[in-house]
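The structure under discussion appears below in the form of structure tokens.
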């Protein structure tokens, strides 16, 4: 991303262009660097005179990605009270993570999920600017979301899906739509991992002349077509051995699907892009 050449940013579906502002970059303690959010701590055991090599238990990212930018009025004037109020209200409207991305020339769109955690009014060479701080929900940006739609029948169908995540295994969101009279099962199997997810539709209520399930494999939740949470036993997961949250392993995955309806897999792969 051309971090220093961006024209505007979009937050919570609204562009900064709507407020007639441009983006400026404010130095922090005379530092020219921008954190990538990819600094890690090594989780390791202790050492002593007899154990001179520490056991390693993995690594964890120290913090989430933070983004700091400045905005100023394009006409060179100061923010009025009303203008300042409108911008502050927009940025602090929500207390949950919202999509944030820059308008730049990069053909590979990368976005973040962020909350505006601080707004400071700054006077620079006689003109007021606003210094904005956004805190993201992770250390990563996300590639543009895309869907893989698979028309499924009782005859098994196989497709190949490439895991483009920078973070290993990836858990997608899976939406299954079938007729209101369907009482069979859907089997979604990752042949590469030799594991499968079986969903029984016998106890799923129909909504608007069809049955719909949304399976968020990352969050381990299942909802119906109206967004109501469903207990696992409703889809036949009444034993611990029945439970499997579908995932993609690294690189190429061969997927086998069986069931009468449409399966839509949604992917939003995390990327170790930092901010620049």
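Numbering (this note's numbering), first residue to last: 0 to 275. Beta carbons are placed, not taken as given, at the ideal position from N, Cα and C, and that holds for glycine.
Three-state secondary structure (DSSP) of residue 90: It is helical.
Identity of the residues DSSP links to residue 127 by a beta bridge: 122
Distance between residue 123 and residue 29 (C-alpha atoms, nearest Å): Residue confidence is low: residue 29 scores 49 on pLDDT, short of 50, so the model does not pin down where it sits. No coordinate-derived value is stated.
Under the three-state DSSP convention, the category residue 234 falls into: helix
Delimiting residues of the beta strand (DSSP E) encompassing residue 217: Counting along the chain, residue 217 falls outside any beta strand (DSSP E), and DSSP gives it neither H nor E.
Assigned secondary structure, residue 18 (DSSP; H/G/I helix, E/B strand, else coil): helix
Straight-line Cα distance separating residue 150 from residue 207: Residue 207 and residue 150 have their alpha carbons spaced roughly 20 Å apart.
C-beta contact flag for residue 220 and residue 148 at 8 Å: No, the Cβ-Cβ distance between residue 220 and residue 148 is not below 8 Å.
DSSP bridge partner residues for residue 109 (one or two, in chain order): 142
Exposure label - residue 138; buried when at least 16 CB within 10 Å: A residue is called buried when at least 16 other Cβ atoms come within 10 angstroms of its Cβ; residue 138 meets this threshold and is buried.
Assigned secondary structure, residue 169 (DSSP; H/G/I helix, E/B strand, else coil): strand
Secondary structure of residue 162, DSSP reduced to three states: strand
Distance, residue 188 Cα to residue 255 Cα: 5 Å
CA-to-CA distance, residue 270 to residue 175, given in whole angstroms: 27 Å
Spatial neighbours of residue 100 in its chain, beta-carbon cut-off 8 Å, leaving aside the 5 residues before and after: 8, 9, 108, 109, 110, 111
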